[in-house]
Amino acid sequence: MSDTIPTTAAEERYAAFRERRAEAVTRPQGHLALVNTQWITGDPGSAQPVWGVPGLWSPLPAGESGLKVTAAASDGILVDDAIVDGDVIVGGHDAVTPSELRFGDTVTGSVIGGERGDYALRIWDAASEAIQDFGGIDAFPYDPEWVVEARFTPIASGGSVDIAHLGDDGRTRSKALPGTIEFSHDGAERSVAAFQDDDSLLLVFGDATNGDTTYGVGRFLRVVPRADGTVLLDFNRAHIPPCGFSYNFNCPIPPAQNRFDFRIEAGEKNVLNRRGGLLH
Numbered sequence: 001m002s003d004t005i006p007t008t009a010a011e012e013r014y015a016a017f018r019e020r021r022a023e024a025v026t027r028p029q030g031h032l033a034l035v036n037t038q039w040i041t042g043d044p045g046s047a048q049p050v051w052g053v054p055g056l057w058s059p060l061p062a063g064e065s066g067l068k069v070t071a072a073a074s075d076g077i078l079v080d081d082a083i084v085d086g087d088v089i090v091g092g093h094d095a096v097t098p099s100e101l102r103f104g105d106t107v108t109g110s111v112i113g114g115e116r117g118d119y120a121l122r123i124w125d126a127a128s129e130a131i132q133d134f135g136g137i138d139a140f141p142y143d144p145e146w147v148v149e150a151r152f153t154p155i156a157s158g159g160s161v162d163i164a165h166l167g168d169d170g171r172t173r174s175k176a177l178p179g180t181i182e183f184s185h186d187g188a189e190r191s192v193a194a195f196q197d198d199d200s201l202l203l204v205f206g207d208a209t210n211g212d213t214t215y216g217v218g219r220f221l222r223v224v225p226r227a228d229g230t231v232l233l234d235f236n237r238a239h240i241p242p243c244g245f246s247y248n249f250n251c252p253i254p255p256a257q258n259r260f261d262f263r264i265e266a267g268e269k270n271v272l273n274r275r276g277g278l279l280h
């Protein structure tokens, strides 16, 4: 374990990180604002209502990004700042230009795609009960002992790891695994899987604090390997996954090799309400 940054500077950066986290989760489309995720399935044209918002929502033909909404002007739905009066295509996050969707002063929407080619409508409320009752993210004090130097070993032909998700009833999804990460703890070598997630690697891990002093499902840590093959695991930046803020997220569960039998007393603990208790 090592820390090349003077502790005072590291503590200041840690405090800034925690402030950014609290700001991010309370944004109009931050984790605490998500009030519904509804998958729109079936044949194209099979319209269905979505809880909390007007309009009828339909799947598009296979290979097309997004959903179709059918609504009257009186419903007040805006897609890309234009009122919906009839049928309108709402582009998903994987579209060349994703659509902007608004239902009212505080309520917005977005369309996400699934691995099987289907799409869901997400509803965000900037005045959600969770935001109004949010008291903060409890976290451990900064500890330089949990800044760990590790080694990243690429998998030449590319690999994968099967990851279960909370809402998938035990089914797993295959995630691209560019390599393995090894580090030492108490004289023992540990090898963990961090899968590709946008421009970084995401380590989904569990440890002996889960369900005791930290969020029960596990925590996340984003890492970026250096050019020389080393990687810094700063567990002070371990953070609660989105499902710890809203039940409408479907978060990955730590795979077996990422479940540690020791306590990592660093990083975020739990999401608190205004009274100091657990938000969920």
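Counting in full-length UniProt numbering, the sequence shown tops out at residue 280, every number present. Cβ coordinates follow ideal geometry from the N, Cα and C atoms, glycine included. All of these numbers come straight from a predicted model, not from anything done at the bench.
H31 carries a helical assignment under DSSP once its states are collapsed to helix, strand and coil. Look at V96 here: in three-state DSSP terms it is coil, with no helix or strand label. Collapsing the DSSP output to three states places F195 in a strand. Secondary structure of S74 (DSSP, three-state): helix. Residue pairing from DSSP places V223 in a beta bridge opposite L201.
The C-alpha of A73 lies about 10 Å from the C-alpha of A82. Going by DSSP, A130 is part of the alpha helix (DSSP H) stretching over E129 to D133. For H165, the CB contacts under 6 Å within the same chain, skipping 5 residues up- and downstream, are N250 and P252 in chain order.
For F249, there is no enclosing beta strand (DSSP E), as DSSP marks it with neither H nor E.
Looking at the backbone, the Cα of V79 and that of V88 are separated by about 8 Å. Where T153 is concerned, the enclosing beta strand (DSSP E) starts and stops at V147 to A164. Taking C-beta atoms as the reference points, G63 and G117 count as a pair closer than 9 Å.
If you check the CB distance, Y119 and S184 do not come in under 9 Å. When C-beta atoms of the segment 137-152 are compared with those of the segment 219-237, three or more pairs fall below 8 Å, so the two segments count as touching.
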